[in-house]
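Inspection log for the structure reproduced underneath, given as structure tokens.
Number of protein chains: 2
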Amino acid sequence: MRDPEKPQSVKAFAPATVANVGCGFDVLGFALHKLGDFVTATMMDTPGVRISRITGDGGMLPLDAEKNTAGLSVLKLLNELGMNDIGIDLVIEKKMPLGSGLGSSAASSVAAAYAVNKLLEEPFSLPELLPFTVEGEMAASGTPHADNAAAALFGGFILVKTHLPPDVISLPTPPDLFCTIIHPKIEIQTRHSRQILKKDVALEKAVSQWANVGSLVAALFKEDYDLIGRSLHDEIIEPVRSVLIPGFDRMKLAAEEAGALGCSISGSGPSLFALSRGKETARKAASAMGSELQKLGLEYNDLISSVNTQGATTVEEKASS
Amino acid sequence: MRDPEKPQSVKAFAPATVANVGCGFDVLGFALHKLGDFVTATMMDTPGVRISRITGDGGMLPLDAEKNTAGLSVLKLLNELGMNDIGIDLVIEKKMPLGSGLGSSAASSVAAAYAVNKLLEEPFSLPELLPFTVEGEMAASGTPHADNAAAALFGGFILVKTHLPPDVISLPTPPDLFCTIIHPKIEIQTRHSRQILKKDVALEKAVSQWANVGSLVAALFKEDYDLIGRSLHDEIIEPVRSVLIPGFDRMKLAAEEAGALGCSISGSGPSLFALSRGKETARKAASAMGSELQKLGLEYNDLISSVNTQGATTVEEKASS
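Taken in sequence, the protein lines are chains B and G. What the first sequence shows, in full-length UniProt numbering, is residues 1 to 321, in sequence order. What the second sequence shows, in full-length UniProt numbering, is residues 1 to 321, in sequence order.
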């Protein structure tokens, strides 16, 4: 029996995200505006989780809920509640590119869990939702990673201390920080991008890296833009992964010459992100980076965005018909 | 010709310090109260830097200014000023144990540079003094490390982004944080303690380490004592170095069972530090850790101290006679 007072359908949005943020491989992330995924969750009479439609994926994503990050996160959530006999229909609208290094699978996973949690009148708090989204996202990357999912769920900058169970710390966002995204139209598989990493790193480089993570965290608290720039260095992951991205070195240099605080790979690529103080500098960086790709004859999309501090959100709630 | 208005003698104090702070090998440090070194710098007519007396070192430290960390930092300072024809006498009073892992050489180096800078009516700002103290301290460790020196100079918690030239970030100190120091009466040479470290570390462990550095920095800003405790883990350095310290594992466990937030090696040891919320818990940790050493029949000294946020300071200034 349905309660006519309860919502029968909820539509949620979860944003695209930048993971790693230069120095913070596997531990840092932040959320963007404009790009992201919408998921509409609707009560249905037939038990089970059904994905009735996915748009914007070019037919790439599975409709089988057991194989889809959004479906999996909802199944995990319902399982925790012991509500496996409930029926939920999901419609996924992808408004961001797949395989771009911008947390596409996390956006779907988070939007789905967020929508269903609202639909069920919030049995879980926001932090309690995170484990389901991380488990859902495991389907895409093979290993549990909470950096994209936590940034998409909570918004702002996040630091992931442990991935599963997730221990996530929210960090402050300096108000004048803007992000430039350049997405070259090539595809990199996350799995491959992880396989090429070396298993060991030189202690000396690891020390530099944790100094930079520490100083980036401090810089966010202090709103010290110059220190953000001095901290955005990655001598461990970027040198290995950047060879998969044509024109990377030139784009990075162009961003810095245009006045950006720093530039690196977004997640496992191929997108690049640059952080700038002020929107105008972020625009200049986009133009400078883009022109390097144009010289190589490569197509790309760009985006200028402040840091999205809201995270996942409800878009509209339809009353039951 | 001496100016009778100028001070002819300055006595300065620089505190003992805890470097590494668990997760932050080579990048984190904080200062203590009570322990430290006094250096009295006095103008003399003969050109050159002379160390006329050292007390509290058991005759271990060289009086030759060129071979002494305090003498070296003063020589570097005078050289930068082009004042190599000036004459300065140094008296060093060590009020802390040598080779204890509490930044003994940094305390001497910082106190000397601080005293001479005051004597010369502050040609250098505090941050400008740091490079001289780091270069002076190189004589002890063989490699430039700014973690102890920066904590001794500035006080509070510091993060060292780069050592030489030093790029140091001051971090906030939660007001209710207390430190327990246990100094077992055994000696470890810093050089040896560094040699036993592996040159490479597993990427997975390095990631955990930079997550912990990031979360410890965030915890200091947020005054989140529980998060400080969750961040004080070191899977890279502590497992290697702790084997040089008899009873380490038992002392660490005893500290945690006594309610301390966390416990690890201070610097390169053999001293241990524990951080606690509140003085009473810090006392209990000292007692619990100490009793483990007593069971082993080992002598030790202990100290309970809040974090010293003042750093180097002038103790008294004598007018010229």
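Built from N, CA and C at the ideal position, the CB exists for glycine as well. From a predicted model like this one, the values you see are computed outputs, not experimental measurements.
Output, in chain order, the set of chain C residues within a Cβ distance shorter than 9 Å of residue i.
i        : result
B:Ile169 : No chain C is present in this structure, whose protein chains are B and G.
Which residues in chain B sit within 7 Å of residue i, going by Cβ to Cβ distance?
i       : result
G:Phe25 : Val207
Starting from residue i, trace the beta strand (DSSP E) in both directions and tell me its first and last residue.
i        : result
B:Met289 : Not the beta strand (DSSP E): B:Met289 falls in the alpha helix (DSSP H), residues Lys279 to Lys295.
B:Leu63  : Neither: B:Leu63 is in no beta strand (DSSP E) and is coded neither H nor E.
B:Asp85  : Per DSSP, B:Asp85 belongs to no beta strand (DSSP E) and is neither H nor E.
B:Ala16  : Ser9 to Ala19
B:Leu220 : No beta strand (DSSP E) contains B:Leu220, which is instead part of the alpha helix (DSSP H) from Leu203 to Lys222.
G:Phe30  : Leu28 to Met44
B:Asp167 : Asp167 to Leu171
G:Gly48  : Gly48 to Thr55
B:Ile228 : From DSSP, B:Ile228 is part of no beta strand (DSSP E) but of the alpha helix (DSSP H) over Tyr225 to Ser231.
B:Ser264 : Gly262 to Ile265
G:Leu98  : Element bounds for G:Leu98: n/a, residue is neither H nor E.
B:Thr162 : Phe157 to Thr162
Please list the partners that residue i has in chain G, where partner means a Cβ-to-Cβ separation under 9 Å.
i        : result
B:Lys161 : Ser208, Ala211, Asn212, Gly214, Ser215, Leu227, Arg230 and Ser231
B:Leu197 : Leu203
How about residue i and residue j: are their beta carbons less than 9 Å apart?
i        : j        : result
G:Thr281 : G:Ala312 : no
B:Ala111 : B:Ile88  : no
G:Ala65  : G:Arg50  : yes
B:Gly29  : B:Ala14  : no
G:Leu203 : B:Asp234 : no
G:Leu159 : G:Gly56  : no
B:Ala274 : B:Ile169 : no
G:Val315 : G:Ala12  : yes
G:Phe124 : G:Ser306 : no
B:Gly22  : B:Ser264 : yes
G:Asn308 : G:Gly82  : no
G:Gly101 : G:Ser271 : yes
G:Lys161 : B:Ser9   : no
G:Gly267 : G:Asn20  : yes
G:Gly269 : G:Ser231 : no
G:Ala106 : G:Thr180 : no
G:Lys284 : G:Gly247 : no
B:Leu164 : B:Pro131 : yes
G:Leu129 : G:Asn117 : yes
B:Ala146 : B:Leu72  : no
B:Gly278 : B:Asp176 : yes
Under 9 Å Cβ-Cβ, which residues of chain B neighbour residue i?
i        : result
G:Val201 : Asp200, Val201, Ala202, Leu203 and Ala206
With distances taken from CA atoms, which of the options is nearest residue i?
i                      : options                                  : result
B:Ile245               : B:Val207, B:Glu204 and B:Glu299          : B:Glu299
B:Trp210               : G:Ala14, G:Val10, G:Pro7 and G:Asp26     : G:Asp26
G:Asp167               : G:Cys179, G:Pro174 and G:Ala151          : G:Ala151
B:Lys94                : B:Ser108, B:Asp85 and B:Leu81            : B:Ser108
residue 330 of chain B : B:Asn308, B:Gly58 and B:Gln195           : Lying outside 1 to 321, the shown extent of chain B, residue 330 of chain B is not represented and no answer is given.
B:Ser104               : B:Arg277, B:Leu197 and B:Val134          : B:Val134
G:Leu32                : G:Val18, G:Asp45 and G:Met43             : G:Val18
B:Asp226               : B:Glu128, B:Gly48 and B:Asn212           : B:Asn212
B:Ala218               : B:Ala113, B:Pro165 and B:Pro172          : B:Pro172
G:Val114               : G:Pro184, G:Leu98, G:Ala41 and G:Glu80   : Strictly speaking, residue 114 of chain G in this sequence is Tyr, with Val absent from that position. Checking every option, the nearest Cα to that of G:Tyr114 belongs to G:Ala41.
B:Pro239               : B:Asp249, B:Glu121 and B:Lys284          : B:Asp249
B:Glu223               : B:Leu296, B:Ala146 and B:Pro174          : B:Pro174
G:Lys243               : G:Gly48, G:Ser193 and G:Ala260           : For clarity, residue 243 of chain G is Val in the given sequence; the question names Lys instead. Cα-wise, what sits closest to G:Val243 is G:Ser193.
B:Asn301               : B:Pro47, B:Glu121, B:Met96 and B:Ile228  : B:Met96
B:Gly290               : B:Ala260, B:Pro47, B:Met251 and B:Pro144 : B:Met251
Can you round the beta-carbon distance between residue i and residue j to whole angstroms, since I take them to be within the 8 Å contact cut?
i                      : j        : result
G:Val39                : G:Ala70  : 6 Å
B:Val74                : B:Leu90  : 7 Å
G:Lys198               : G:Gly136 : About 29 Å separates the two Cβ atoms, so there is no contact after all.
residue 339 of chain B : B:Ile304 : Shown here, chain B extends from 1 to 321; a query on residue 339 of chain B therefore has no answer.
G:Pro184               : G:Leu293 : 6 Å
B:Pro7                 : B:Leu119 : 6 Å
Looking at the unbroken alpha helix (DSSP H) that takes in residue i, where does it start and where does it end?
i        : result
G:Asp249 : Phe248 to Glu257
B:Lys185 : Per DSSP, B:Lys185 belongs to no alpha helix (DSSP H) and is neither H nor E.
G:Asn308 : Note, G:Asn308: premise wrong, no alpha helix (DSSP H); not H, not E.
B:Val110 : Ser104 to Leu119
B:Phe154 : Asp147 to Phe154
G:Val240 : Glu238 to Arg241
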